[in-house]
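Residues 12 to 206 (this note's numbering) are what the sequence shown spells out, left to right. Here a beta-carbon is modelled for each residue, glycine too, at the ideal position from N, C-alpha and C. Keep in mind that this is a model prediction, so the values were computed, not measured. First up is the structure itself, then whatever we jot down about it.
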Amino acid sequence: DISDGAVTKMQDKFESMANGIKNAGRILPVPLGFSFSTLNNSMADSQFLELNKYTALQIAAAMGIKPNQINNYEKATHSNVEFEQTSFYVDTLLSILTMYEQELTYKLLTEGERDAGYYFKFNVDAMLRANFETRMNGYATAVNNGIMKPNEAREKEDLPTDADGNKLIVNGNYIPLSMVGKQWDKNKKGDENIE
């Protein structure tokens with residue numbers, strides 16, 4: 012039997028001699044009565060694990076989905092999961108949802124309703140929802156450029172609407188391309204009048 016202090020001392024000594032690049036390739040002494048044993052899998056276990064990975068990839072390929080959609084995160088990183096989600100929507104779901112939308116519109120709406128512009132459309136905003144910073148930058152761009160009303164952006168975030176948020180707004184400094192340079196001419200004429 013070895014005391015707890017001796018075990019801790021031996022662990023510390025072992026780690027100082029075995030860990031790190033500087034110890035690579037060095038001979039490691041083993042105390043009397045101890046031996047090393049490998050912790051690797053048998054060939055059958057290794058083949059089973061590889062077969063499982065291969066099968067998961069084949070299932071994903073057959074279903075037209077990315078491996079991370081069936082919990083195979085071997086090559087996934089945190090930074091590309093959002094991209095993978097968008098890719099899943101574009102590569103797999105978009106065509107399927109479009110078929111359903113067209114079928115529902117054709118079979119469930121009357122010809123008069125279709126002529127009036129009614130149609131079915133799936134809302135995939137929740138699935139494509141980006142991280143907070145990306146969403147806020149997108150809303151700011153849409154609101155500042157008169158594409159979206161402030162209340163529309165607030166509704167998408169489940170925030171209460173504001174009485175003053177139902178108007179499209181744009182930056183007052185924006186001018187049409189046809190007006191570029193005319194402001195300078197106007198200021199130049201004004202300066203001449205001052206003199």
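Contact under 8 Å by Cβ, residue i with residue j
i, j, result
"Met147", "Ala153", "no"
"Met5", "Tyr111", "Because residue 5 is not part of the residues shown, which for the chain are 12 to 206, the question remains open."
"Leu108", "Phe133", "yes"
"Thr116", "Ile76", "no"
"Ala164", "Tyr185", "no"
"Asn155", "Asn182", "yes"
"Pro78", "Leu62", "no"
"Lys118", "Glu85", "no"
Which listed residue (the options) has its alpha carbon closest to that of residue i
i, options, result
"Val41", "Lys24, Asn155, Tyr117", "Lys24"
"Phe47", "Lys64, Asp56, Ala29", "Ala29"
"Phe45", "Ala72, Ile13, Asn63", "Ile13"
"Ile180", "Gly157, Ser189, Gly128, Gly16", "Gly157"
"Asp167", "Asp175, Ala55, Arg140, Leu120", "Asp is not the amino acid found at residue 167; the sequence shown has Lys there. Checked all of Asp175, Ala55, Arg140, Leu120; the closest Cα to Lys167 is Arg140."
"Phe94", "Thr145, Lys193, Thr19", "Thr145"
Inter-residue Cα distance where the pair is residue i and residue j
i, j, result
"Gln96", "Pro161", "27 Å"
"Arg125", "Asn83", "43 Å"
"Phe131", "Val191", "43 Å"
"Arg37", "Ser27", "12 Å"
"Ile81", "Met74", "10 Å"
"Val135", "Gln22", "54 Å"
"Gly31", "Leu39", "13 Å"
"Phe59", "Ile70", "16 Å"
"Ala35", "Ser53", "25 Å"
"Ser189", "Thr172", "36 Å"
"Ala174", "Pro187", "30 Å"
"Glu206", "Asn177", "At Glu206 the pLDDT is 46, less than 50, meaning the model places this residue with poor confidence; the figure from the coordinates comes in the next sentence. Between Glu206 and Asn177, the C-alpha separation is close to 46 Å."
"Lys193", "Ser106", "49 Å"
"Glu122", "Gly128", "10 Å"
"Asn204", "Asp196", "Only weak support exists for where Asn204 lies, its pLDDT of 49 falling under 50; the value from the coordinates is given anyway. If I take the Cα positions, the gap works out to 13 Å."
"Thr19", "Leu43", "17 Å"
"Gly16", "Ala55", "40 Å"
"Ala57", "Ala72", "According to the sequence shown, residue 57 is Ser rather than Ala. If you take the alpha carbons of Ser57 and Ala72, they lie about 23 Å apart."
"Lys33", "Thr66", "40 Å"
"Gln113", "Ser98", "22 Å"
Below-8 Å beta-carbon distance, residue i vs any chain B residue
i, result
"Val101", "Absent from the structure: chain B. Only one protein chain is present."
Quick one: which unbroken alpha helix (DSSP H) runs of 4-plus residues sit fully inside the segment 136 to 179? Chain order, please. 143 to 155, 161 to 167
Which runs of the alpha helix (DSSP H), 4 residues or longer, sit entirely within the segment 78 to 120? 89 to 99, 105 to 119
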